[in-house]
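> Residue 88 in my numbering sits at position 105 of the sequence shown; the count goes up by one each step and never skips.
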Amino acid sequence: MKQTAEFRSLAKQLYGLLDSRRKRNFIYILVAMALSAVLTQVTPKAIGWLTDDILLREQIQFGAILPVLGVILVVNVANQLVIIFRRLLVEDTATRTEKRPGAWPLPLF
């Protein structure tokens, strides 16, 4: 219970270090993380559907496989772009917060 209270206190202090633009970036980072988690789950589902439904047929047509492969490609590229976007936001937020005068009133461990 004490650890939870300390964690909340520390989280409030850390959140207080961010100005309004960085707080908005923090929300974008959380959305990017959630979107990346969803996109990460699409690839195994598509591969499972491909192997279970399409490849088990007696005659495999390339035209039936191509859309699934296209979806896998698009999802993976989109996921990587979201990851890059998130990393850029994290680096920008961390760098600007560190450079702000008086940014670290908290004792470092």
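The beta carbon of each residue, even a glycine, is placed where N, CA and C say it ideally should be. Here the structure is a predicted model, which means the values were calculated and not measured.
Secondary structure at residue 97, three-state DSSP: helix, strand or coil?
The shown model of the chain, from -16 to 92, leaves out residue 97, and the question about it has no answer.
> Alpha carbon to alpha carbon, how far is residue 13 from residue 71? Give it in angstroms, no decimals.
Approximately 13 Å, taken between the alpha carbons.
> Leaving aside the five residues before and after residue 11 along the sequence, list all residues of the same chain whose C-beta is less than 7 Å from its C-beta, in chain order.
72
> Touch check for the region 46 to 55 and the region 74 to 82: three-plus C-beta pairs under 8 Å?
no
> Roughly how many whole angstroms lie between the Cα atoms of residue -15 and residue 67?
37 Å
> If distances are taken between C-alpha atoms only, which option among 3, 5, 63 and 40 comes closest to residue 19?
63
> At which residues does the alpha helix (DSSP H) containing residue 18 begin and terminate?
3 to 32
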